[in-house]
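Just so you know, this note's numbering puts 403 at position 402 of the sequence shown, and the rest follows in order with no gaps.
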Amino acid sequence: MAAVVAVENLNPKVLKCEYAVRGEIVIHAQRLQQQLQTQPGSLPFEDILYCNIGNPQSLGQQPVTFFREVLALCDHPSLLEKEETKSLFSADAISRAKQILAAIPGRATGAYSHSQGIKGLRDAIAAGIAERDGFPANADDIFITDGASPGVHMMMQLLIRDEKDGILCPIPQYPLYSASIALHGGTLVPYYLDESTGWGLKTSDLKKQLDEARSQGIDVRALVVINPGNPTGQVLAEENQYDIVKFCESEGLVLLADEVYQENVYVDDKKFNSFKKIVRAMGYGEDDLPLVSFQSVSKGYYGECGKRGGYFEITGFSAPVREQVYKIASVNLCSNITGQILASLVMNPPKPGDESYAAYKAEKDGIVESLKRRAKSLEDAFNKLEGFSCNKAEGAMYVFPQIRLPQKAIEAAKAAGKAPDAFYALRLLEATGIVVVPGSGFGQTIETLGFIFYCDVLARLSMSPGHGTSGAQSCHRRTRSLQSSAASRRSMRSSWQSTATKRWNLEIQSILILFEEKKKTDDRAVQPGVSDHRLSIVRFQSHAPRPRAAFCLLVSVVIFGGRGMPSSSSARAALTVDSLNPKVLALVDHLGDSITRRAQRMEEDLATNPGSHSFNEGIEGLRDAIAAGIALRDGFLCNPKDIFLTDGAAPPVHMMMHVLIRDEKDGILSPIPSHSLYTNSLILRGATLVPYYLDESRGWAVSMPELKQQLDGARSKGVSVRGLVVINPSNPTGHVLAEENQREIVEFCRKEDLVLLADEVYQENIYTDEKKFISFKKIARSMGYGEGDISLVSFHSISNGYYGESGRRGGYMEVTGFNSQVKKQVGDESYASYQAERDNIISSFSRCAEAMMCAFNRLEGVTCTKAEGGMFLFPSISLPEKAIAGAEERNTEPDVYYALRLLEATGIVVVPGSVFGQLPGTWHFRCTLPPQEKMSKIISHFTAFHEAFMEEFCD
2 MAAVVAVENL
12 NPKVLKCEYA
22 VRGEIVIHAQ
32 RLQQQLQTQP
42 GSLPFEDILY
52 CNIGNPQSLG
62 QQPVTFFREV
72 LALCDHPSLL
82 EKEETKSLFS
92 ADAISRAKQI
102 LAAIPGRATG
112 AYSHSQGIKG
122 LRDAIAAGIA
132 ERDGFPANAD
142 DIFITDGASP
152 GVHMMMQLLI
162 RDEKDGILCP
172 IPQYPLYSAS
182 IALHGGTLVP
192 YYLDESTGWG
202 LKTSDLKKQL
212 DEARSQGIDV
222 RALVVINPGN
232 PTGQVLAEEN
242 QYDIVKFCES
252 EGLVLLADEV
262 YQENVYVDDK
272 KFNSFKKIVR
282 AMGYGEDDLP
292 LVSFQSVSKG
302 YYGECGKRGG
312 YFEITGFSAP
322 VREQVYKIAS
332 VNLCSNITGQ
342 ILASLVMNPP
352 KPGDESYAAY
362 KAEKDGIVES
372 LKRRAKSLED
382 AFNKLEGFSC
392 NKAEGAMYVF
402 PQIRLPQKAI
412 EAAKAAGKAP
422 DAFYALRLLE
432 ATGIVVVPGS
442 GFGQTIETLG
452 FIFYCDVLAR
462 LSMSPGHGTS
472 GAQSCHRRTR
482 SLQSSAASRR
492 SMRSSWQSTA
502 TKRWNLEIQS
512 ILILFEEKKK
522 TDDRAVQPGV
532 SDHRLSIVRF
542 QSHAPRPRAA
552 FCLLVSVVIF
562 GGRGMPSSSS
572 ARAALTVDSL
582 NPKVLALVDH
592 LGDSITRRAQ
602 RMEEDLATNP
612 GSHSFNEGIE
622 GLRDAIAAGI
632 ALRDGFLCNP
642 KDIFLTDGAA
652 PPVHMMMHVL
662 IRDEKDGILS
672 PIPSHSLYTN
682 SLILRGATLV
692 PYYLDESRGW
702 AVSMPELKQQ
712 LDGARSKGVS
722 VRGLVVINPS
732 NPTGHVLAEE
742 NQREIVEFCR
752 KEDLVLLADE
762 VYQENIYTDE
772 KKFISFKKIA
782 RSMGYGEGDI
792 SLVSFHSISN
802 GYYGESGRRG
812 GYMEVTGFNS
822 QVKKQVGDES
832 YASYQAERDN
842 IISSFSRCAE
852 AMMCAFNRLE
862 GVTCTKAEGG
872 MFLFPSISLP
882 EKAIAGAEER
892 NTEPDVYYAL
902 RLLEATGIVV
912 VPGSVFGQLP
922 GTWHFRCTLP
932 PQEKMSKIIS
942 HFTAFHEAFM
952 EEFCD
């Protein structure tokens, strides 16, 4: 059993993937934080200072009032009907909330949306882009995402087919890009920013790196540019941007423009210009250059990291390629609605004349000016310190100084088996509680030409007014007096925490303490090369900038609170459907997407012409609460460390497929019919889907002989079956597993060494008295199986059940039976009213399920099994031969043809059974249980349509 899931048999792409911003140092910091909680005073500091990521609001920066007012009103629309709301909220916030809610179908901020994002919100973002750039923007080019990271992953998934595909990426760079390229199996082709010119970008260096990569057989697909830079903080000059655009156009590259820090510019001689604006100003149109621009609500003056909002804009993509982008977006259904709303507000804030404008402008200017002052203060302070040099901070949230490390420190790091920057960062953490990121995580490389290493460290400084040079000098002068002991450092540190300014001094000083201790080891000789065992990238040392005898220190500033016409060549050919990742092309039609989009177009027509979707695992206290709830539900203990909070259930399914699947020889047993999430996730990772068929004649039960037959058949073909997916209650069939059946499944997985992947998102939706939901974890524990006996992953979501908060994108997975190394890689006041609401919703579902089942069973050729749980019915339909022939003439599946005809005749959207998989020669459709007040109308329309359809095609 121990070999079912081990580090050695995980996806090697996951093992190669590194994300230093939340890597080894952060994990060690979390252990120290727990030690401080259980053993106060046991460390030479009182708390952990997380400086590893730009996370402004966790450190005191206040949210923008107007944004939060609008979000509050959208989250609780009934406030708009109350008279007192007018005295609590600004008039323009009320007006904007009403406008946004009017754009959301049913005013439901807890519902799923269009996979690209709500159309009205995309319209607002497009209008903001047009105002910013002075060139038109199209809402159809906008894909709203949960921050910028999902958009980056989607583009890598689209472009990277195998290790022979490369992406030009800046060094140093934010590790999202190196991690994403590794995860999707591509090759990182580095180009080096020139520190001597303020981290400038030379197109001559780009050309050398590109040609060298191509000479080694790498098909370079795209160029990543981060502007303003992360971690370097530089802002590209306009002329430099023109050169970059010309380079991409002439070389046939997709330009991936990371512009999430566009509001963070601190110098008067430069301003942010989007690459979209540059491209249009040069006269390039849609057919000349594929461009993807990323934006996020996490940065800028807004700093709403936890809201997970953002978008990417794609231009220069052909319609067939756009279809593939949409397909990837639809796999995760949609981004969260709160983030979507916030993204629209960020791109369309209050305007002059609005009631909130003055307050909004004051808040924005105050935050940006504070960042600007702190950037300048830090730059000046570091440049006055011995051994430091720091380029001018022009933008983003960071300065990037160098610090020279002595030879003995480098030798000590080597003896400890660590890279020098990781050694430095760990020592800093253990001495001061300050969490920093080793610079190698940003891509700084170790060269072998008589040099000392680069080391980039992310450190945090608390925001306070008047961070001047004197504070830093005072800090530096105090360093020697604090070197005597950890106790004296702790005492001094504690006494200085009374004001923000003193704390800032202290934290600068804490860095200097470690620096001075290393200086005392003397000897600054050059250290020969040390092996680099991070992500394997294509390195061309002859083209890299000449290394210096220095380490670098990255410091977070935010911790508080028409020039020529296009050439005749066209880059468009660089991005054709044939050049995309074949795994993306193979994705199945997600949830009957052709029908869904047809319905959305019809809905838009009707609207315009009446009559025609913390730490990585989640916040610790929330995981504690979830673990307590699981323990209460199951009657067995639950460890909060087993809980991973996620944006709904779909992301953790993808995560587990990433972990388990290595290549096409790995397979997953998956039910037929089933939600297409599993099929698509397997396709995207190049795995083999091993189907097992549910038995409709036995109420869609899981047949153990069928499981065994499919497993043995797959193994006989050389497929290594890694896991078994079970959906209970089921989607789309609505059945609930009997307890005995669950025990058989657990025993089967244990005996056959399979990971049991239990989709339990409909656990609250049970409509029969004969059965109840029992989690697979409870079954396994009641059978006497513990952590070492079976590997189990349980998925849950807030999108379903009686809560139905689809648009909030919340969920979790519980991982048990995995060793720690594998996990590293992956009585209240309101109770009475809550219980009444819950019972009412479940009762309504039950009545609706019964009524719909009876209605379907009265229709000619339709049979529908009893809905025991879930939110759907999955009736079987016998279609006339003429209808099947009509579908064949239109080159579509018969059930798809039926569903399209139903939509166009009645406006009712159902999902064809072929989307989920079904036995050949059988046809089904999935119908979501409608609201009680709409059920009669739906049944009436459905009945009239079906009778007319059957009469039209009768033999």
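Note that CB positions come from ideal geometry on N, CA and C, so glycine has one too.
Give a yes or no on whether the C-beta atoms belonging to residue i and residue j are separated by under 8 Å.
i      : j      : result
Ser116 : Leu343 : no
Val726 : Pro672 : yes
Leu793 : Phe774 : no
Val153 : Ile168 : no
Ala739 : Ser795 : no
Asp166 : Leu160 : yes
His756 : Gly724 : Note that residue 756 corresponds to Val in the displayed sequence, not to His. Cβ atoms of Val756 and Gly724: closer than 8 Å.
Tyr361 : Pro350 : yes
Pro895 : Ala884 : yes
Lys666 : Gly714 : no
Glu314 : Asp142 : yes
Phe295 : Val236 : no
Gly311 : Ser297 : yes
Ser807 : Gly107 : no
Ala850 : Met936 : no
Val436 : Ile49  : yes
Lys779 : Asp648 : no
Asp147 : Gly340 : yes
Val246 : Met283 : yes
Alpha carbon to alpha carbon, what distance is there between residue j and residue i?
i      : j      : result
Phe819 : Ala781 : 15 Å
Phe873 : Leu194 : 55 Å
Ile669 : Arg716 : 11 Å
Tyr178 : Cys170 : 7 Å
Ser941 : His947 : 10 Å
Arg891 : Lys209 : 51 Å
Arg624 : Met814 : 11 Å
Ile411 : Gly418 : 11 Å
Ser378 : Ser371 : 10 Å
Tyr285 : Gly253 : 14 Å
Gln242 : Gly622 : 45 Å
Pro931 : Val691 : 33 Å
Glu882 : Asp956 : 7 Å
Tyr358 : Ala94  : 11 Å
Ser465 : Ile368 : No answer about Ser465 holds up, because its pLDDT of 29 lies below 50 and its placement is not dependable.
Leu880 : Leu102 : 41 Å
Thr188 : Arg215 : 12 Å
Does residue i pass the burial test, meaning 16 or more other C-beta atoms within 10 Å, or should it be called exposed?
i      : result
Gly789 : exposed
Asp696 : exposed
Ala416 : exposed
Val556 : Reliability of the predicted coordinates at Val556 is poor, the pLDDT of 40 falling under 50, and no value is obtained from them.
Asn766 : buried
His925 : buried
Glu82  : exposed
Lys308 : buried
Glu164 : exposed
Lys87  : exposed
Gly908 : exposed
Ile126 : buried
For residue i, which residues does DSSP report across the bridge?
i      : result
Gln813 : Sequence check: residue 813 is Tyr here, not Gln. According to DSSP, which records beta bridges pairwise, Tyr813 is partnered with Leu646 and His797.
Glu740 : Partner(s): none; Glu740 has no beta bridge.
Gln296 : Tyr312
Ser877 : Thr864 and His925
Hey, is the region 220 to 238 in contact with the region 258 to 276, meaning 3+ C-beta pairs nearer than 8 Å? yes
Would the region 117 to 134 count as touching the region 321 to 337 if we require 3 or more Cβ pairs under 8 Å? Taking 8 Å as the limit for Cβ pairs, the verdict is that the region 321 to 337 does touch the region 117 to 134.
Below 8 Å, how does it come out for the region 38 to 48 and the region 61 to 77: are there three or more Cβ pairs, yes or no? Touching, no, given that fewer than three Cβ pairs across the two stretches are closer than 8 Å.
The region 637 to 656 / the region 315 to 324 touching (three or more Cβ pairs under 8 Å): no
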